[in-house]
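This report concerns only the one structure given below.
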Amino acid sequence: DAGITQSPRHKVTETGTPVTLRCHQTENHRYMYWYRQDPGHGLRLIHYSYGVKDTDKGEVSDGYSVSRSKTEDFLLTLESATSSQTSVYFCAVNSGTQETQYFGPGTRLLVL
Amino acid sequence: GENVEQHPSTLSVQEGDSAVIKCTYSDSASNYFPWYKQELGKRPQLIIDIRSNVGEKKDQRIAVTLNKTAKHFSLHITETQPEDSAVYFCAAKSGNAGNMLTFGGGTRLMVKP
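Protein chains in written order, with this note's numbering: chain A, 1 to 112; chain B, 1 to 113.
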């Protein structure tokens, strides 16, 4: 499991409310990623981090922000959730010395 | 940026038959191609990967082939079993600083007993 946990695992929220998802890793991986998974679209990169306080946008970053104040935690925030952000969110990590990405267990988010 | 196309989107085979899933990529600088298997409700898990300096890699019943000239790579599963039923994703990593992967849209493989 590469020492990755995500919280919460399931969340139901209302349109317009802020939501923060947490990814926590215990193996000191340098790179961390947030993906969303929707039917027919595979996995799409939202944001990624290449170190503490170093982040960059991915393919579908609009409406999302991230923060990484510690190596082990990567937070994804939906400032004002919309129904189009209903999805399954996966965090992934990469050591930086190898190409392999390992995924967390996912968070299922429903925005009503 | 990189673009990865995956086909077919669904594949149904009889137990014991072979299954082939194909992906094409657009960035000739891509140099790493992993395949992930995702069972229902679970996380994607790496099953095999290949780097651009080899043309084929095998691991028991699964194999991946890479054609750099044509910019396509394929996953081959032989002697399929019901537990092979899952969604399979291909991905490609171009020469980017963030070790980012671009994923194909996925193939739902169903193995009928």
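Cβ coordinates follow ideal geometry from the N, Cα and C atoms, glycine included.
On a predicted model such as this, the values are computed, not experimentally measured, just so you know.
Which same chain residues, not among the five before or five after residue i, have their C-beta less than 8 Å away from its C-beta?
i       : result
A:Ser83 : Thr15, Val111, Leu112
B:Val13 : Ala19, Thr80, Leu109, Met110, Val111, Lys112
Is it buried or exposed for residue i, if we count other Cβ within 10 angstroms and need 16 for buried?
i        : result
B:Leu40  : exposed
B:Gln60  : exposed
B:Lys93  : buried
B:Arg51  : exposed
A:Gln113 : Since the first residue of chain A shown is 1 and the last is 112, residue 113 of chain A is not available in this structure.
A:Pro39  : exposed
B:Asp84  : buried
B:Pro44  : buried
A:Ser87  : buried
A:Ser69  : exposed
Just to make sure I have the definition right: I need the residues of chain B whose C-beta is within less than 7 Å of the C-beta of residue i. Which are they?
i        : result
A:Thr107 : Ordered by position in chain B, no residue passes the 7 Å Cβ test against A:Thr107, which lies about 11 Å from the chain.
How would you list, in chain order, the residues of chain A whose beta-carbon sits under 8 Å from the beta-carbon of residue i?
i        : result
B:Pro44  : Leu43, Phe90, Phe103
B:Met100 : Tyr33, Leu45, Tyr48, Gly58
Since residue i meets chain B, which of its residues come closer than 8 Å, beta carbon to beta carbon?
i        : result
A:Thr100 : Pro34, Leu46, Asp49
Might you give, ordered along the chain, the residues of its own chain that have their beta carbon closer than 7 Å to the beta carbon of residue i, omitting 5 neighbours on each side?
i       : result
A:Pro8  : Thr107
A:Ser61 : Ile46, His47
Would you say the beta carbon of residue i is closer than 7 Å to some non-hydrogen atom of the ligand GTP?
i       : result
B:Ser26 : Inclusion of the ligand GTP in the displayed structure is not the case, the ligand content being empty and no account of it being possible.
Would you mind telling me which residues of chain A sit closer than 7 Å to residue i, beta carbon to beta carbon, in chain order?
i       : result
B:Lys93 : Glu99
Between the segment 79-93 of chain A and chain B, which residues of the former have CB atoms less than 9 Å from a CB of the latter, in chain order? Identification of residues in the segment 79-93 of chain A having a C-beta nearer than 9 Å to some C-beta of chain B yields Phe90, Ala92, given in sequence order.
Determine which residues of the segment 49-66 of chain A have a Cβ less than 9 Å from any Cβ of chain B, and write them out in chain order. Under the 9 Å Cβ criterion, the segment 49-66 of chain A contributes Ser49, Tyr50, Asp56, Gly58, Glu59.
Suppose only complete runs of 4+ residues qualify. What are the alpha helix (DSSP H) ranges in the segment 30-80 of chain B, listed by chain order? Counting only runs of 4 or more, we get nothing.
Using a Cβ-Cβ cut-off of less than 7 Å, give me the residues of the segment 66-89 of chain B that come near chain A, in sequence order. Correct list: Phe89.
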